[in-house]
Every structure is written in C-alpha cells, then in structure tokens.
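Down below is the structure, laid out as structure tokens.
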Amino acid sequence: MTDWSLTRRELLVAGGVALAAPLLPLPAFAAERTYTLRAGPARVRLLGATNPETAVWAYNGQVPGPVIRARQGDRLRVRVKNALAEETTVHWHGLRVPNEMDGVPELTQRAIAPGGTFDYVFDLKDSGTYWYHPHANGAEQVGRGLYGALIVEERDAPRVDRDLLWVIDDWRLGNDAAISGGFNAFMDMSHAGRLGNIVTINGAPPRDLAVRAGERLRLRLVNVANARIFALRFAGHRPVVIAYDGQPVAPHEAADGRVVLGPGQRVDVILDMTGKAGENFVVRDDYYARFAYDLLAFRYGPESLRASTLPPPVALAANPVAEPDLATAKRARLVFGGGMMGRMGSARLDGRYLSMREMMGRGLGWAVNGVVGTGHRPATALSLKRGESCVLDLVNDTAWPHPIHLHGHFFRVLSRNGRPTAHREWLDTVLLDPQERAEIAFVADNPGGWMLHCHILEHQAGGMQAVVEVGT
Ligand code: C2O
Ligand code: CU
Ligand code: CU
Numbered sequence: 451m452t453d454w455s456l457t458r459r460e461l462l463v464a465g466g467v468a469l470a471a472p473l474l475p476l477p478a479f480a481a482e483r484t485y486t487l488r489a490g491p492a493r494v495r496l497l498g499a500t501n502p503e504t505a506v507w508a509y510n511g512q513v514p515g516p517v518i519r520a521r522q523g524d525r526l527r528v529r530v531k532n533a534l535a536e537e538t539t540v541h542w543h544g545l546r547v548p549n550e551m552d553g554v555p556e557l558t559q560r561a562i563a564p565g566g567t568f569d570y571v572f573d574l575k576d577s578g579t580y581w582y583h584p585h586a587n588g589a590e591q592v593g594r595g596l597y598g599a600l601i602v603e604e605r606d607a608p609r610v611d612r613d614l615l616w617v618i619d620d621w622r623l624g625n626d627a628a629i630s631g632g633f634n635a636f637m638d639m640s641h642a643g644r645l646g647n648i649v650t651i652n653g654a655p656p657r658d659l660a661v662r663a664g665e666r667l668r669l670r671l672v673n674v675a676n677a678r679i680f681a682l683r684f685a686g687h688r689p690v691v692i693a694y695d696g697q698p699v700a701p702h703e704a705a706d707g708r709v710v711l712g713p714g715q716r717v718d719v720i721l722d723m724t725g726k727a728g729e730n731f732v733v734r735d736d737y738y739a740r741f742a743y744d745l746l747a748f749r750y751g752p753e754s755l756r757a758s759t760l761p762p763p764v765a766l767a768a769n770p771v772a773e774p775d776l777a778t779a780k781r782a783r784l785v786f787g788g789g790m791m792g793r794m795g796s797a798r799l800d801g802r803y804l805s806m807r808e809m810m811g812r813g814l815g816w817a818v819n820g821v822v823g824t825g826h827r828p829a830t831a832l833s834l835k836r837g838e839s840c841v842l843d844l845v846n847d848t849a850w851p852h853p854i855h856l857h858g859h860f861f862r863v864l865s866r867n868g869r870p871t872a873h874r875e876w877l878d879t880v881l882l883d884p885q886e887r888a889e890i891a892f893v894a895d896n897p898g899g900w901m902l903h904c905h906i907l908e909h910q911a912g913g914m915q916a917v918v919e920v921g922t
C-alpha cells in the first residue's frame, strides 16, 4: 500500500525532476470532522426544570441533537446509529451532498434498520446555517424530537459580538408534558399540518435574552417544526437579513421588520442592540394573526458595550452555486393541489384516478401535477439533463401555505405572482402562500433522484411530494 506521507515526501524530494509515478491529487477538503449520532428514546425537560420530563426520540439523548459545526471546505463524517425500534435515516437539509448521502430511504439508500449503522461522508461546499433530520416516518420522527443544527462557518465570518442559534420547534403536549399521539392524523394532514401548543427554542422554553446596548448579534434562526410557520417581529429593532437557507443574500432589513420562517427554512439576521441600558423589548410571533403571542424579550443590562453605531453589515461571500442560464433553461410547471377547501376533485395514485373522497379514505389528500406522491419513491415529476438550467413555475392551487423544498440544489426565486423578487434569493425551501405562484431557477448539476416536497411533514405524507431526476 502507498503511504500518503511517504509519497508526499518523495514528491518533495523529487523537486523539479520529471516523475515516473503519477501525482496523487491533494485532498480537496481542508479538515475532516467526525461526529457520531445515536438516534434513540430519551427523556428531556422541554418545559423547564420544574416541570415533568417528556419522553422523546433524540440524537445523543438531547433535543436538539448536537450542533454539528465545521468550516466551509471541510469533510464531514457522521456515523449514525439507530437505537430506535423502527427504521431511520438522516437527511442533511440544504446541503448539496452526493445523492447516496442524502438520506432518503429507497430513493438514495437503504433505511438504517433498528440496531444498524450508516456512515455519512461528504464535503461541505457551502457555508451557512443548515439542519439535519430523519427522512423515514418523518412527521413522527421529527415531531418526537429528532433534529439538530449544522453550521458551516464562512472562511471569513462577519464580525459580531455573539453568534446565537435558535432552533425553534412546536410541540403538541398533554398536561402531563407527554407528546400527544396521533401523528399523521387526518385532520392535520388535510388542513394546516400538526400544529402544537408549546414552542421551544433549543429544546427549552423561550427565555428572555440578556443583551448589552451597542452589541451586534448574529442570530441563526432554524424552523424545525412539523407545520408551524413563524413570523418574528423584533420590537424596537431592525433585523438585517444576511442569509436565507444558508445562502448569502444582499443584506436588507426584513420586510415590515418581520422575519418569516416556514418549516425547514433558516434565516440569518444581524441584530444591532440599539436600545438603551435597562430597556426591554419583546419578540412576538404573529404569523397566525389571531394567535399572536410574545416569544421572549430582550433585556438590556446596565452596561453598554459601545456607544457608536456600527457600520451596516457587509454581504457574506457567495457560495459556489452555479448561475442558471435563463435564456436556454428548460421550463416546467408544478401545480400543488388538494387539501380541505381546495378545488381538486380527483388525482392519480399508482396510475389510477381516485376521487378526493377515495383519497381521503386512504389518509391522502394532496398532489403534485395531479399525482399523489406516496412512499419514499414518489413519481418523477421532472427529468433534467445534468448541467441543464431549469425554470420552474411553482403554483400553489390550494387554500393553505406550503413550504416547498427541493433536495440537492439551491434555486433562485425569480418572481412571485409575476413580480420580480427584490433580492433574487437562493433558497432550498420556498414558502408559497395560498394561491401564490413563484418562479424559481436552478442548474441541475447534482446527479440523482431528488425529493421535492412540502416541508409541512403531514402534507408530504399526505401526497405532496415528487421526485426530480437529474441525469448522470
Ligand atoms: Cu428537510 Cu426532504 O427535507
Ligand atoms: Cu432537504
Ligand atoms: Cu404543505
């Protein structure tokens, strides 16, 4: 066997001499980071120290699972052990990994059996805020607590006083703090998904945040809820968005001062603490206007960190995402239909037409281009050649919002309801309002079969999923 270090030395010694042996390629990654995740039952205190524990499913016994942190260019090696009583996988939401590392049972790998192990190994091409979660029985496994954040640091990170992570979840708990059963219940599937009654940040009740006047925070927001959409209003402050779904965007103040996050989405904001010592400001979630509530408050301590105002945040360096060629792009339309109060009368399942009533009898209720996507290998909605640019017209023909997620790629959002977007942001999950349409564009440069689905996990299970095939 060739020893790498020896070969390297030989090459160095050989200097400018023509070498007989072929040059070995240098490793493309900077460093390898190794993690082990064990998915299994655990007990945690979601409601704080003075309340009963909740039986959850968790990575390494904690909710959220460990934060995986690496730098752009690193190689990540994660050994996943399945200590659950059912199959699982891990999907790296947003990361552009090789298809066989994407963690979708049947489509990209055989699911990890109870007691089994799987090694995920891939290079981190893009910096940003990401997360990981199972893609088997997703509504229940994610809903019971299997998720964690994955942060890929920029080579040249913006200077901030604190880099904070809020992994936001929504739970349906009973009075005994136990998770209510009934995952994938028909009512949830056919309406807004499984909304809960308890919101946690980093697996605990939201706590007020002690801040100092003049401080600059980077806040990484991750929505890991099955179904709840958040719209955070930072009273008295002006959050500046620097990234969506991990991808840099021209820094801009959130529209209406409101940061909206659909399930699966991430937003990185820079928050300057422009209040004064001793002041308090609430952060309020008002996505569902009739059910708005205060999440937490910023509490200014007595000291102030700096008196001067900082210069506006600068843009993060772009990730190496290929620019779609709109002139030659293949164009296609994907219509999302179904659900309660919609107009979908029937849809196709395994080649047969079913009425809405028949579909509902099978616990299904949604479709993509009239096809109900079931199992882990739903029908292919779109086939693309490798390297081909694609413009997709996404049409939400339902009475419900849907965060539509594509695996293995980032896409630019070109327009919404025919109006060009201000920032042409790159996303991996786009939130479509009821009856909204969005035009997205991307280069199909990652070969394999990729899931495209609603990230309201009950909608996905209820048929709102399809496959996008990218040729090899
Ligand atoms: Cu976050 Cu298909 O997943
Ligand atoms: Cu994903
Ligand atoms: Cu949906």
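Each residue of the sequence shown is one higher than the one before, counting from 451 in the numbering used here.
Backbone N, C-alpha and C fix where the C-beta goes; we use that ideal spot for every residue, glycine too.
Computed from a prediction, not measured in an experiment: that's the story for all the values here.
Limits of the beta strand (DSSP E) - the one that residue i falls within
i           : result
residue 899 : 898 to 904
residue 521 : 518 to 521
residue 638 : Per DSSP, residue 638 belongs to no beta strand (DSSP E); it is in the alpha helix (DSSP H), 636 to 640.
residue 866 : 861 to 866
residue 542 : 541 to 543
residue 554 : Here residue 554 belongs to no beta strand (DSSP E), and DSSP marks it neither H nor E.
residue 887 : 887 to 894
residue 583 : 578 to 583
residue 704 : Unbroken run through residue 704: none, as it is neither H nor E.
residue 716 : 716 to 722
residue 506 : 504 to 509
Where residue i falls, given that 16 or more other Cβ within 10 Å makes a residue buried
i           : result
residue 769 : buried
residue 848 : buried
residue 870 : exposed
residue 706 : exposed
residue 791 : exposed
residue 650 : buried
residue 484 : exposed
residue 874 : exposed
residue 637 : exposed
residue 921 : exposed
residue 739 : exposed
residue 670 : buried
residue 889 : buried
residue 764 : exposed
residue 786 : buried
residue 872 : exposed
residue 665 : buried
Extent of the continuous alpha helix (DSSP H) to which residue i belongs
i           : result
residue 909 : 907 to 911
residue 525 : Run containing residue 525: none in the alpha helix (DSSP H); it sits in the beta strand (DSSP E), 525 to 532.
residue 589 : 588 to 593
Of the listed residues the options, nearest to residue i (C-alpha basis)
i           : options               : result
residue 579 : 560, 557, 591 and 603 : 603
residue 623 : 876, 536 and 505      : 505
residue 710 : 694, 510, 535 and 700 : 694
residue 586 : 759, 669, 552 and 754 : 552
residue 753 : 765, 814 and 729      : 729
residue 514 : 918, 619, 862 and 681 : 619
residue 634 : 851, 821 and 589      : 589
State whether the region 625 to 632 contacts the region 769 to 785, with contact taken as three or more CB pairs (one from each stretch) at a distance under 8 Å. Too few Cβ pairs lie closer than 8 Å, so no.
Is the number of C-beta pairs between the region 609 to 618 and the region 521 to 537 that are closer than 8 Å three or more? No: the two stretches stay apart, fewer than three of their Cβ pairs being nearer than 8 Å.
Taking only runs that begin and end inside the region 734 to 820, name each unbroken alpha helix (DSSP H) of 4 or more residues, in chain order. As far as the region 734 to 820 is concerned, its whole alpha helix (DSSP H) runs of at least 4 residues are 806 to 811.
Touching or not, the region 585 to 594 and the region 901 to 908, by the rule of three or more beta carbon pairs under 8 Å? Output reads yes: the region 901 to 908 touches the region 585 to 594.
Could you give the uninterrupted runs of the alpha helix (DSSP H) lying entirely in the region 605 to 683, keeping only those of 4 residues or more? Runs of the alpha helix (DSSP H) lying entirely within the region 605 to 683, each at least 4 residues long, are 636 to 640 in chain order.
Specify whether the region 821 to 838 and the region 875 to 886 touch according to this definition: at least 3 beta carbon pairs, one from each stretch, less than 8 Å apart. Judged by pairs of C-beta atoms under 8 Å, the region 821 to 838 does not touch the region 875 to 886, as fewer than three such pairs exist.
Check whether the region 514 to 524 touches the region 556 to 564, counting contact only when three or more Cβ pairs, one atom from each stretch, lie closer than 8 Å. With a cut-off of 8 Å, the region 556 to 564 and the region 514 to 524 do not count as touching, because too few Cβ pairs lie within range.
Enumerated in chain order, which unbroken segments of the beta strand (DSSP E) with a length of 3 residues or greater are wholly contained in the region 825 to 880? You should have 830 to 834, 838 to 847, 852 to 856 and 861 to 866.
Closer than 8 Å is the cut-off here; do at least three beta carbon pairs connect the region 568 to 582 with the region 527 to 543? In short, these stretches touch, since the Cβ pair count reaches three.
Looking at C-beta atoms only, is the number of pairs between the region 532 to 547 and the region 812 to 823 that lie closer than 8 Å three or more? With the cut-off at 8 Å, the region 532 to 547 and the region 812 to 823 do not touch.
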